[in-house]
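These notes concern the structure reproduced below.
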Amino acid sequence: MTQGDQQQDETQMERVFHFLDDLRESGETNMLGATPYVQEEFLIMDRKQAKAWVTLWMMADRCESCNRTERPSCRCGEGD
Numbered sequence: 231m232t233q234g235d236q237q238q239d240e241t242q243m244e245r246v247f248h249f250l251d252d253l254r255e256s257g258e259t260n261m262l263g264a265t266p267y268v269q270e271e272f273l274i275m276d277r278k279q280a281k282a283w284v285t286l287w288m289m290a291d292r293c294e295s296c297n298r299t300e301r302p303s304c305r306c307g308e309g310d
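With positions in the sequence shown counted from 1, the corresponding number in my numbering is that position plus 230.
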């Protein structure tokens with residue numbers, strides 16, 4: 231994997247993590263059922279890839295002040 235590919239993957243992860251943070255805050259679904267939402271939002275992902283992103287998001291560290299993912303960064307500024 232080239233450095234450019236790795237940066238693209240990290241950018242994609244940031245977008246997916248922020249989407250999942252927002253989805254959780256919306257209360258639209260239990261996060262165990264988030265995979266189809268990720269598939270729909272990010273059309274390039276197959277089910278296996280979407281599930282992998284959801285699993286990474288669930289395992290990510292959380293900011294204690296706003297409970298958003300610290301990786302890549304939360305939006306409150308305290309988790310940076």
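For each residue, glycine too, the CB sits at the ideal point set by N, CA and C.
| Query | Result |
| --- | --- |
| Inter-residue spacing [alpha-carbon to alpha-carbon] between G263 and E240 | 23 angstroms |
| Helix, strand or coil at D251 according to DSSP, with G and I counted as helix | helix |
| With 16 other Cβ atoms within 10 Å as the buried cut-off, status of D251 | buried |
| Beta carbon of K281 nearer than 7 angstroms to that of T265 | yes |
| Euclidean distance between Cα positions of T285 and G257 | 18 angstroms |
| Cβ pair E270, F249 closer than 7 angstroms | no |
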